[in-house]
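Report on the structure given below.
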DNA sequence: ACCCAGGGTCATA
DNA sequence: TATGACCATGGG
């Protein structure tokens, strides 16, 4: 009965928030840029940086790679960590071009691509998996701080679990379906922004056992008494 | 004036 | 392997 908690929570999130239509971007390349820029950074700031790039007609791997570092840094400044991110974005662009863009990347296997992405400076597990899932539409589950926080507080995961352990927990309980993985991670982020911040906001949280007690009389299908936001 | 954000790298023990 | 410093902007 506990084996389906991953699936049940997904259904509940989907019923609560509806489809999230992630990743917000006009192209796979823009997804890759966003995945790098959003590292430990509010998405609003990322949008400003991407708007700057678009406004200068610079949202292009070739042009970013050829761009003077200082100029690129200025465009990316709103996204924070702009010096390291400018360097790392150019590295990612070089990788992108070396593989023949999306068409070239699409011919390679998930494992192969993941290994190569992780070898790039500035690309860790979450960034790599975000690119694989949302830019290349490959079925891999993206784990972030929110994922650990939510499922940790629900008592389903050890909050200190490694990235790989958390990823496995989901992937062994769900069918390897790209659309589901895309929707699930998006829903986790949407939910976390509302209810699962560092300072818990335990009010009418749709996942939280304690919050659900008073809301209505419907018997909660989620047993753990310890579950809270 | 603090805390936080859709992480990752590197140095140190 | 496991912490800790560091990176930097902008909103609450």
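Numbering (my numbering), first residue to last: 3 to 231. Cβ atoms here follow ideal geometry from the backbone N, Cα and C, with glycine treated the same way.
DSSP three-state label for residue i, please.
i           : result
residue 173 : helix
residue 102 : coil
residue 36  : helix
residue 210 : coil
residue 116 : helix
residue 198 : coil
residue 110 : coil
residue 30  : helix
residue 188 : helix
residue 96  : helix
residue 8   : helix
residue 17  : helix
residue 205 : coil
Let me make sure I understand the geometry here. Which of the options has the alpha-carbon closest to that of residue i?
i           : options            : result
residue 152 : 122, 184, 195      : 195
residue 192 : 9, 24, 7           : 24
residue 13  : 90, 100, 189, 95   : 189
residue 64  : 102, 199, 54       : 102
residue 165 : 174, 177, 180, 149 : 149
residue 82  : 104, 39, 112       : 39
residue 11  : 53, 186, 200       : 186
residue 163 : 176, 175, 177, 147 : 147
What's the gap between the Cα of residue i and the Cα of residue j?
i           : j           : result
residue 107 : residue 154 : 35 angstroms
residue 208 : residue 70  : 48 angstroms
residue 68  : residue 128 : 27 angstroms
residue 95  : residue 73  : 16 angstroms
residue 114 : residue 205 : 44 angstroms
residue 15  : residue 42  : 24 angstroms
residue 87  : residue 202 : 31 angstroms
residue 134 : residue 9   : 22 angstroms
residue 120 : residue 97  : 12 angstroms
residue 99  : residue 44  : 28 angstroms
residue 55  : residue 167 : 36 angstroms
residue 169 : residue 66  : 32 angstroms
residue 17  : residue 172 : 19 angstroms
residue 58  : residue 77  : 9 angstroms
residue 26  : residue 139 : 14 angstroms
Using a Cβ-Cβ cut-off of 7 angstroms (strictly less than) and excluding sequence neighbours within five positions of residue i, which residues of its own chain qualify?
i           : result
residue 7   : 158
residue 123 : 90, 93
residue 232 : Given that the chain is displayed from residue 3 to residue 231, the structure contains no residue 232 and the question cannot be resolved.
residue 184 : 24, 135, 136
Excluding five sequence neighbours on each side, which residues of the same chain lie with their C-beta closer than 8 angstroms to the C-beta of residue i?
i           : result
residue 19  : 189, 192, 193
residue 182 : 12, 176
residue 34  : 94, 98, 133, 137
Go through its chain and collect everything with a Cβ distance to residue i's Cβ below 6 angstroms, but skip five positions before and after it.
i           : result
residue 131 : 142, 144
residue 80  : 47, 50, 51
residue 31  : none
Residue i: beta carbon under 6 angstroms from a heavy atom of the ligand ADP?
i          : result
residue 28 : Summarising the ligand content, the structure contains no ligands, and the ligand ADP is consequently not present.
Quick check on the DSSP output: what are the complete alpha helix (DSSP H) runs of length 4 or more inside the segment 44-91, in order along the chain? 45-57, 63-68, 71-78
Quick check on the DSSP output: what are the complete alpha helix (DSSP H) runs of length 4 or more inside the segment 123-176, in order along the chain? 127-132, 147-155, 165-173
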